[in-house]
Amino acid sequence: MKNILFRFIITATIIGLAHQAWAQHPKEAVCAVCRVHEGTTEPEKVVAFGEHQGATHYFCSKKCKETFDSDPEAYLPPVLPRPAPNFTLPNLAGEKVSLENFRGKAVLLDFWATWCKPCVKSMPALQKLHDRFASKNFTVLGISTDEDAKKKVEPFIKKHKIAYPILLDAEEKPAWATYKVKVIPMMFLVDPQGQIVRQWVGEADMKEVENAIAGMVEKSEWD
14 MKNILFRFII
24 TATIIGLAHQ
34 AWAQHPKEAV
44 CAVCRVHEGT
54 TEPEKVVAFG
64 EHQGATHYFC
74 SKKCKETFDS
84 DPEAYLPPVL
94 PRPAPNFTLP
104 NLAGEKVSLE
114 NFRGKAVLLD
124 FWATWCKPCV
134 KSMPALQKLH
144 DRFASKNFTV
154 LGISTDEDAK
164 KKVEPFIKKH
174 KIAYPILLDA
184 EEKPAWATYK
194 VKVIPMMFLV
204 DPQGQIVRQW
214 VGEADMKEVE
224 NAIAGMVEKS
234 EWD
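Here is the structure:
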């Protein structure tokens with residue numbers, strides 16, 4: 014009888030503590046995973062929460078929490094500036110190209126795919142940015158995440174008249190994994206010193222991107 018009573022007290026205590034923990038958190042919040050995957054900025058019902066690096070993160074489902082727990086760094090607000098990891102990928106001619114080859118230039122890395130409508134929509138604007146700032150040590154560098162990229166990307170690039178460099182991210186350790194790209198399009202602005210200074214997830218405001226690039230290349234001219 015005493016054992017049963019003891020177990021009941023322990024269970025009741027655990028339940029009570031759990032209710033207290035939930036009471037300390039909001040009923041609605043922006044899901045840390047949906048914010049990245051879907052660009053969600055509206056609060057959703059909190060189904061789960063967790064701690065990471067001293068901060069509490071909220072989720073709209075247990076699946077989102079599991080996704081976050083599997084790779085937390087990919088869903089945290091970006092640390093800026095930070096070093097841009099180097100990578101080496103083939104271009105459409107099969108030549109190996111490294112990010113280090115562009116040191117001394119401002120680079121806009123654009124992770125994209127031929128099937129991604131927002132990616133395709135942004136490409137004419139990216140081409141205009143490349144053309145406008147190319148004389149000021151700037152380049153757009155498109156990184157295709159397509160499967161069977163060589164077959165798909167080359168005719169796509171010719172059709173859409175894209176002239177900025179395109180690399181094929183089909184290596185054993187892809188660049189998109191190194192950069193923790195969870196959704197495309199995703200863009201990273203790298204300064205001439207090799208530091209990521211801005212990044213955009215999902216469909217970006219291209220005027221904002223243009224202003225960030227203009228501010229960087231103009232500053233570089235005066236440095």
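Position one of the sequence shown corresponds to residue 14 (the numbering used here), numbered consecutively onward.
Ideal placement from N, C-alpha and C gives every residue a C-beta, glycine not left out.
Anticipated Cβ contact below 8 Å, residue i with residue j, distance rounded
i, j, result
"F100", "A45", "Actually they do not touch by this definition, with Cβ atoms about 27 Å apart."
"E41", "E57", "6 Å"
"V222", "M199", "Wrong, their Cβ atoms sit about 12 Å apart, outside the cutoff."
"N104", "P178", "6 Å"
"I197", "L142", "I197 to L142, Cβ: 18 Å. No contact."
"D182", "L102", "6 Å"
"I175", "Q212", "Not quite, the Cβ-Cβ distance comes to about 21 Å (not below 8 Å), so this is no contact."
Counted within 10 angstroms of its Cβ, other Cβ atoms place residue i as buried (16 or more) or exposed
i, result
"H70", "buried"
"K220", "exposed"
"S83", "exposed"
"G155", "buried"
Within 7 Å, strictly: CB atoms of residue i and residue j
i, j, result
"L202", "V153", "no"
"A119", "P205", "yes"
"R116", "G228", "no"
"S74", "V60", "yes"
"A87", "K193", "yes"
"T158", "F124", "yes"
"P137", "V210", "no"
"V110", "L180", "yes"
"K149", "V230", "yes"
Simplified DSSP state of residue i, which is helix, strand or coil
i, result
"Y71", "strand"
"A25", "Legend: pLDDT at A25 = 46, less than 50; position of this residue unreliable, value from coordinates given subsequently. Helix, per DSSP."
"E64", "strand"
"E55", "coil"
"W213", "strand"
"T152", "strand"
"V110", "strand"
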